[in-house]
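Residue numbers (my numbering): 18 to 148.
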C-alpha cells in the first residue's frame, strides 16, 4: 500500500527532474484503487495539464501499464483503438503515466503533464524510481 509520505517523496523526485530539464510540471499520484493521493502544480505549469496529469495517473493504475505503452496499442487499427473514449473519456494515452510498484506489485501510479511526451515520461519515470 502506498502512503502519503511515499507520494510526497515521489512528487519531490519528479519535481527535481522537472527542474533539471527546465519544464514546470503537474504531478499526480494515485493509490492502488486509482484514487488521487497527492497532487502538486509547479509554478507556471500549464493549467490545462492539471486534469491530464491526474488522468494519466489513473489510467496507468487502471490498466497497470505505462501510458506511453498504452498509446502504442491505441492507434488506428490496433487492439486498443478507441480506448481513450472509454471510462467516460477518463483514459489518457499520452506519455507520462507510470505504475508504481513495491515488491513487483502495482500499488499506485504517477501521472505527469506539462511538457512534451518525452519530458513528461522522463519526469514520471524519475518520480516512480523514488519509490
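Idealized CB from N, CA, C, for every residue including glycine.
All of these numbers come straight from a predicted model, not from anything done at the bench.
Where the alpha helix (DSSP H) through residue i begins and ends
| i | result |
| --- | --- |
| residue 141 | 134-146 |
| residue 80 | 66-80 |
| residue 118 | It is not in any alpha helix (DSSP H) - residue 118 instead sits in the beta strand (DSSP E) that spans 114-119. |
Where the beta strand (DSSP E) containing residue i begins and where it ends
| i | result |
| --- | --- |
| residue 130 | 122-130 |
| residue 45 | 43-48 |
| residue 86 | It is not in any beta strand (DSSP E) - residue 86 instead sits in the alpha helix (DSSP H) that spans 84-89. |
| residue 97 | Note, residue 97: premise wrong, no beta strand (DSSP E); not H, not E. |
8 Å Cβ cutoff met for residue i and residue j
| i | j | result |
| --- | --- | --- |
| residue 55 | residue 129 | no |
| residue 132 | residue 42 | yes |
Backbone secondary structure at residue i - three-state DSSP
| i | result |
| --- | --- |
| residue 24 | helix |
| residue 37 | helix |
| residue 31 | helix |
Evaluate contact between the stretch 100-109 and the stretch 28-39, counting only Cβ atoms and requiring at least three cross-stretch pairs below 8 Å.
no
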